[in-house]
Amino acid sequence: MFDQVTIRLLEGKFICESTAPDAFRWLNSEESRQDVATYLDRIGRRLTKTPNGVAYYATWKRVGSDERSEVKRVFANIKQMIRPVIHFINLCMEVEKKDSSPAAGDRLDYAVLLKAVTENPHLFEVLREFATMGKEFTVTDASAKGMLDKVIQQMERWGYLILVNREQESYRFTGKIDYYYQVIEFLMDPAQNEGIADPAAEDQEDAPEQRGLL
């Protein structure tokens with residue numbers, strides 16, 4: 611299990627109850643967690659947990675010259691995802707008529723979502739807005755199903771959704787959604803995000819606030 615876990619972490623994946631239940635439970639053991647943390651520390655990484663403790667992932671101990679290009683890539687990906695993901699969250703909240711945003715482990719029924727965007731003109735327009743958010747959402751089939759399939763596919767690819775029942779077309783939000791909320795909170799606070807405006811500006815030890823992000 612050690613090898614499987616460290617490989618997943620170094621690939622930039624998030625380990626949670628939905629994506630890798632066995633690995634997540636293994637990491638919840640203090641002994642296992644310490645073994646992984648010790649190994650990551652030797653190669654300049656840090657084992658990190660999301661604020662609500664629903665997922666593990668790897669971050670850098672420090673941002674130096676060797677890490678600059680990778681940090682810039684990760685930070686660019688984060689910025690690219692922000693608008694589409696929050697738009698998707700808002701769509702789900704409108705469909706389900708909820709005031710609270712989805713959390714890790716929450717279920718998402720494709721059939722319910724498709725019915726809503728097909729029958730409700732406002733929700734259909736909300737869905738269409740994804741086409742303005744990047745080539746990842748470009749479709750040749752402009753039907754509600756065609757557009758929704760593309761959006762769901764992208765959320766899966768980015769790691770925010772996982773298919774848990776193919777026959778029922780049922781998905782769950784992964785622990786990465788907890789990380790997303792952390793990023794949003796961080797970026798909304800100018801005092802905190804000033805230090806990562808240019809993450810490759812200079813060699814530096816991560817500030818405490820950054821350690822859970824990069």
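Be aware that the sequence shown starts at 611, since it is given in the working numbering, and climbs by one per residue. The beta carbon of each residue, even a glycine, is placed where N, CA and C say it ideally should be.
Measuring C-alpha to C-alpha distances from Gln-763 to each of Pro-694, His-732 and Asp-709 identifies Pro-694 as the nearest. In this structure, the CA atom of Thr-728 is about 8 Å from the CA atom of Lys-755.
Ala-721: member of the alpha helix (DSSP H) spanning 720-729, first to last residue. The residue among Ile-617, Leu-718, Asp-759 and Ser-711 with its C-alpha nearest the C-alpha of Arg-738 is Asp-759. In the DSSP assignment, Phe-740 is bridged to no other residue. Here Val-761 has Phe-740 as same chain residues with Cβ atoms under 6 Å from its own Cβ, once five neighbours each way along the sequence are excluded.
According to the DSSP assignment, Phe-612 belongs to no beta strand (DSSP E) but to the alpha helix (DSSP H) extending over 612-620. According to the DSSP assignment, Thr-658 belongs to the beta strand (DSSP E) that extends over 655-659. Beta-bridge partners assigned by DSSP to Ser-780: Asp-719 and Asn-775.
A contact is defined here as three or more CB-CB pairs under 8 Å, and the region 611-630 meets this definition with respect to the region 779-792. For Tyr-666, the secondary structure class from DSSP, reduced to helix, strand or coil, is strand. Per DSSP, the beta-bridge partners of Cys-626 are Ala-665.
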